[in-house]
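Student: Let me give you the structure first, and then I'll get to my questions.
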Amino acid sequence: MTTPALSLKNAMLSLNGNAGRVDILHGISLDIEEGHTVGLVGTSGSGKSSLLMLMGGLEQASGGTIHALGQDLTAMNEDALALFRRDNMGVVFQSFHLIPTMTAVENVATPLELAGVKDAFERARSELSDVGLSHRADHYPSQMSGGEQQRVALARASVARPKILLADEPTGNLDGTNGNAIMDLLFGLRDKHGATLVLVTHSDVLAARCDQIIRLEDGLIAQESIAK
Amino acid sequence: MSIAIAARFAFRELRGGLKGFTIFLSCLALGVAAIAAVGSVRTAIETGLSVEGAALLGGDAELDFTYRFANAQEKDWMQSRANAVSEIAEFRSMAVVDNGDQTERGLTQVKAVDDAYPLIGTMELNPAMDLGAALVAQNGLPGAVMERALIDRLGLSIGKTFALGTQQFYLSAEIMREPDGAAGGFGLGPRTLVRTADLVNSSLLASGTLFNTKYRLDLPPNPDLEALEANARAEFQNSGMRWTDARNGAPGVTEFVNRLGAFLVLVGLSGLAVGGVGVAAAVRAYLAEKTNVIATLRTLGAERSTIFQTYFIQIGVLSLIGISIGLLLGALAPLLLAPLIEARLPIPANFGIYPAPLFEAAIYGLLTAFIFTLWPLARAEDVRAATLFRDALGSSKLFPAPRYLLAIVIALCALIGLAATFSGTWRLTLVTSGGIMVALLMLVVSAAIIQWLAKRGGKITKGRPAWRWALTSISGTQEGAASVILSLGLGLSVLASVGQIDGNLRNAITGNLPDIAPSYFFVDIQRDQMEGYTKRLENDPAVRRIDSAPMLRGVITLINGKPAREVAGDHWVLEGDRGVTYADRPSKRTRITAGEWWPEGYSGPPLISFAAEEAEEMNLSLGDTVTMNILGRDITGTISSFREVDFSSAGIGFILSMNPSALRGAPHTFISTVYAEPEAETAILRDLAKAYPNITAIRVRDAIERVADVLSGLAAATSYGASATLLTGFLVLIGAAAAGTNARTYEAAVLKTLGATRGRILLSFALRSALLGLASGLVALAAGIAGGWAVSTFVMNIEYTVIWPSALAIIAGGVIATLVAGLLFAWGPLAVRPAQVLRARE
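Which chain is which? The protein sequence lines are F and R, in order.
Counted the way the working numbering counts, the first sequence spans residues 243 to 470.
Counted the way the working numbering counts, the second sequence spans residues 161 to 1002.
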């Protein structure tokens, strides 16, 4: 039996805000096998993005355990989590979150630079070329369209060949055409490099492209199904 | 490894240019520039004094004697070593013009010179002529030259005559510039210059009168001044001789410039602290803008240290740019303003680029930038990756990690230590830095209280929307309100403190004096004149009180047989000569604090009654021996009592009083104070001056006005320094106002959507600014009063009262400054159409 890429046991998340304590996830347990693609669906506020954040170590669980590639994320401090992400994960956001003061190639090279990779820029250019943006390598985010920015974000997420790709509504800020192109690229990259992909989406059509679909409701798993 | 990556990230971010850093750079540059400029001017003056030492002194070296001319042995010593020697006698006297029906009198500082004067430089006269020609006799009357102030006071004109003592002179020219004028120090009257030989018949310079003689030496080229000084001191150690030479031609001026410079640098440092508040606010704002970038970097695997280093390098580079601009301004401003400064300085200054003060300013700038930016920078590494998803929740901690706090404390200690070392005054540095820190703490607490009050106030302003919006925006925009109160409050606090100290000092000198101070001091009254003098005054019903005492002057040379300075350091009593008196019994007002006064008619070994407060400062005890050199003769006495001496009443006060037989035979005159009704003063002066032309009358009010003049110059210099601090505060204010523009724009758009008119919105913005300014002014007033009280009470030992005009001006200044800054940035938000703003937010 192989170790799951991601394994959550009774994972909980509560946050303290100005209005008081908010319970977001009420105890999620699930395993995601290595190389699988998983679609996280559900209504707004159901806890999809929060669950993704827990998987990426971007948010600290209030209870339960989260293992990624066999390592307990809940036992790691902020820096250990950062290093773990650098070496094992790629994250794509709905709002791209490119660094505005860096060019496309610099944005893509950043995770490689952080990992001390010598040919970071050559690999970044090659990755940009894979997403069809070699001609935009030296442009700043503000000089690019939304679709292009998301392609740069995809390249940045996959350039270090992460074992896990986390994508939070990557097409949420894009029109249909651009959205479809991005999803093709995302799945293409995953197929090419064999990473585990967890995708948060509102779209059942997109979710249907995944191996497994998890539907959340009010911070709990309402339904788990195999898509294909 | 991490540093290299951080440096790369940092420079990528910096490629965006310096936009958004205007206030950061201005604050740092202005603070550094002010300190660099003050330091550069101080160094220019010090260099000028050192280069022009001989010209200022009027010779390569000077031997100074009190009360007497040099004796033959001393003159031989001088003549055998110098190419030329010039003898000068200086004393105070009355210049008198008799216009027949009316007599004009003016106090003057007389300088009696020989043919060799001036050894160095030339006397500038109007009409232009040689000094020798100006002093030559015409129609049997010797010539004299005089300063314009006295010429005007006496109603004289060139060619007219006046008297010094019983000798008539004719005025040949006006003194435009005296080559050795700066070295003379503070004088109570304008200068009159005559030949010493022409005073023979003046009855001035008689035995016992108060005069100083100076012998200037023109030495062979490249003299070994140190060796010569040592030789002179060894030769004449007990003669009361004082030595000055060209290495420091005007020691009093040098010390004054040093102290004033040190004080102004400390004022500059408080300016830098105000700038620091602005710098910290700018860094916080910048990092807040960068939160997403930092969170993204964290998502991509950047460690905390990489994040910290990335922004530390950026802020470091920006700080270096700000400091460099400041140094450039600070170095160039004195150069550009040199003609203006030189015209107002009575002493020479060599303007140029001096590395030492620039280095000092750079170090201050670097440490200040470090202290004020480390806190927000350290908090940047606490930004979590999750911030990308939700920014309101999980806000970062208030305090950074302990290692950063420790670094801030170490940098602060280094800054204070360096400031104390550079300024040479630990006490003033500690008081200033303590004051700044207490003021900052007060302001932080006040900002929190004001925001809390604003929150509460919001509820009681129902029905007054403009007030409610103003109060809620003060309580809501925590960063902006705190920045304004901190920066403007600190700037105003410095200005308020200066205003309170200056006002109280002036009050202490000029206020209430008529109640306690005498009208006139009369000096140089000969023993045989005392009877007639006293009779004239005792018969005058307008005279309330007369105090007279014999007066000699001498220098304390030894204490318990050891050189006095070794025992009592550089106490002011040991600087120069001091008045000594004698009395058979204590006066009615004397209060003995320890020991006993000598028995009447006592004629044993000399006994001394010493001023109690000064004795305590000098560590003197009953039974200690004090040696005074009076007229070249050493007199050693034993301290038998201490007594209270109050110098603040401007009456007669002697540090030393001896038994009469100890000073028997020493030629001396009497000093007397007269307490009279103001309307009787003129008649007293007229009668006494007519009967005793050798007596000098010093009107206390005139003397006080001269002191007040000097003080107003000092207060002006300090105010310029404090204004630089306030200007920095205003810059920070502008920065805070500019930073709030987005919030104001959004606020205005929403309010307009809800139906608010532009006038109403503007009123709410103005109220917000005015309330913040008022709060800053009130806090500054409290800090200023506290600072003024502390300095007046503990440093200056003067009574403290609140100077309300200055205090109210500070509050008004605070309100006006914030209003101007706030409204300056209100027009933009008011002009934008709501849809434009609200759509952009979606």
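We put the beta carbon where it would ideally sit given N, CA and C, even for glycine.
In the stretch 727-803 of chain R, which residue ranges form an unbroken beta strand (DSSP E) of at least 3 residues, counting only runs that do not cross its ends?
Tutor: For the stretch 727-803 of chain R, whole beta strand (DSSP E) runs of length 3 or above, ordered along the chain, are 738-742, 752-755, 767-771, 785-790, 793-803.
Student: Is R/M401 helix, strand or coil by DSSP?
Tutor: Three-state result, R/M401: coil.
Student: Rounded to a whole number of angstroms, what is the C-alpha to C-alpha distance between R/L816 and R/S832?
Tutor: Each residue's alpha carbon lies about 17 Å from the other.
Student: Counting only C-beta atoms, is R/L548 closer than 8 Å to chain F at any point?
Tutor: So, interface residue.
Student: Quick check on DSSP: helix, strand or coil for F/H377?
Tutor: In this structure, F/H377 counts as helix in the three-state DSSP scheme.
Student: In whole angstroms, what separates the C-alpha of R/M336 from that of R/T961?
Tutor: C-alpha separation (whole angstroms): 42 Å.
Student: Go through its chain and collect everything with a Cβ distance to R/R117's Cβ below 7 Å, but skip five positions before and after it.
Tutor: The structure shown does not extend to residue 117 of chain R, since chain R spans only 161 to 1002, so no value can be given for it.
Student: I'd like to know whether the C-beta of R/R539 is nearer than 8 Å to at least one C-beta of chain F.
Tutor: Not an interface residue.
Student: Around the Cβ of R/V569, are there at least 16 other Cβ atoms within 10 angstroms (buried) or fewer (exposed)?
Tutor: Classification for R/V569: exposed.
Student: Just the C-alpha distance for R/E841 and R/G325, rounded to the nearest angstrom, thanks.
Tutor: R/E841 and R/G325: Cα-Cα distance of roughly 20 Å.
Student: Name the two residues that bound the continuous alpha helix (DSSP H) containing F/H435.
Tutor: Unbroken alpha helix (DSSP H) run through F/H435: 418-435.
Student: R/D847 by DSSP, collapsed to three states: which one?
Tutor: In this structure, R/D847 counts as helix in the three-state DSSP scheme.
Student: Taking the alpha-carbon positions, what's the R/P674 to R/A571 distance?
Tutor: Note that R/P674 has pLDDT 48, beneath the 50 cutoff, so the model's placement of it is unreliable and the number below is only indicative. Their backbone Cα atoms lie some 51 Å apart in a straight line.
Student: Do you know how far the Cα of R/L566 is from the Cα of R/A656?
Tutor: Looking at the two C-alpha atoms, the distance is approximately 32 Å.
Student: I'd like to know if the stretch 460-470 of chain F and the stretch 253-273 of chain F are in contact, where contact means that at least 3 CB-CB pairs between them fall below 8 Å.
Tutor: Yes, since at least three Cβ pairs between the stretch 460-470 of chain F and the stretch 253-273 of chain F fall closer than 8 Å, the two stretches touch.
Student: List the residues that DSSP assigns as beta-bridge partners of R/I719.
Tutor: BP columns for R/I719 point to R/K722, R/V786.
Student: Am I right that R/V892 and R/A441 are in contact with their C-beta atoms under 8 Å? What's the rounded C-beta distance?
Tutor: So it is a contact: roughly 7 Å between Cβ atoms.
Student: Straight-line CA distance for R/S679 to R/G315?
Tutor: Approximately 24 Å between the Cα atoms of the pair.
Student: How many Å lie between F/R432 and F/L439 at the Cα?
Tutor: Distance between the alpha carbons of F/R432 and F/L439 is about 7 Å.
Student: In this structure, what does DSSP give as the bridge partners for F/G332?
Tutor: Answer is F/L407.
Student: For the beta strand (DSSP E) that contains F/Q465, what are its first and last residues?
Tutor: Where F/Q465 is concerned, the enclosing beta strand (DSSP E) stretches over 462-468.
Student: Report all residues from its chain with a CB closer than 6 Å to the CB of R/L379; omit the five preceding and five following residues, and keep chain order.
Tutor: So the list reads D220, A242, once near-sequence residues are dropped.
Student: Should R/Y880 go down as buried or exposed, given a rule of 16 or more other Cβ atoms within 10 Å for buried?
Tutor: Under this definition R/Y880 is an exposed residue.
Student: Determine whether the beta carbon atoms of R/L301 and R/A255 lie at a separation below 8 Å.
Tutor: Result no, Cβ atoms of R/L301 and R/A255 do not sit closer than 8 Å.
Student: To the nearest angstrom, how far is the alpha carbon of R/T207 from that of R/L487?
Tutor: R/T207 and R/L487: Cα-Cα distance of roughly 20 Å.
Student: Please state the DSSP three-state secondary structure of R/R444.
Tutor: Helix.
Student: Ignoring anything shorter than 4 residues, give me the alpha helix (DSSP H) runs that lie fully in the stretch 347-394 of chain F, in order along the chain.
Tutor: Counting whole runs of 4 or more residues, the stretch 347-394 of chain F contains the alpha helix (DSSP H) stretches 362-372.
Student: For the 8 Å Cβ check, are there 3 or more pairs between the stretch 886-905 of chain R and the stretch 434-452 of chain R?
Tutor: Because the criterion of three Cβ pairs below 8 Å is met, the stretch 886-905 of chain R and the stretch 434-452 of chain R touch.
Student: When the Cα of F/L390 is compared with those of F/F338, F/L356, F/G358, F/D410, which residue comes out closest?
Tutor: The amino acid at residue 390 of chain F is misidentified as Leu; the sequence shows Glu. Checked all of F/F338, F/L356, F/G358, F/D410; the closest Cα to F/E390 is F/F338.
Student: Which residues, in chain order, does the stretch 337-348 of chain F contribute to contact with chain R at a C-beta distance below 9 Å?
Tutor: Those residues of the stretch 337-348 of chain F that come within reach of chain R (Cβ to Cβ, closer than 9 Å) are S337, H339, L340, I341, P342, T343, M344, T345, E348.
Student: Three or more beta-carbon pairs under 8 Å between the stretch 276-294 of chain R and the stretch 212-219 of chain R, yes or no?
Tutor: They touch, by the three-pair rule.
Student: Taking its Cβ as the centre, do 16 or more other Cβ atoms sit within 10 Å of F/N258, making it buried, or is it exposed?
Tutor: When all chains shown are included, F/N258 counts as exposed.
Student: Buried or exposed: which applies to R/P562, given that a residue is buried once 16 or more other Cβ atoms fall within 10 Å of its Cβ?
Tutor: R/P562 is exposed by the Cβ-count criterion.
Student: By Cβ distance, which residues of its chain are closer than 6 Å to R/E520, with the 5 residues on each side in sequence left out?
Tutor: So the qualifying residues of the chain are G199, F582.
Student: Can you confirm whether the stretch 714-725 of chain R touches the stretch 782-789 of chain R when touching is taken to mean that 3 or more C-beta pairs between the two stretches lie within less than 8 Å?
Tutor: Short answer: they touch.
Student: Among all the DSSP beta bridges, which residues are the ones paired with R/S817?
Tutor: Answer by DSSP bridge pairing, in chain order: R/T741, R/S769.
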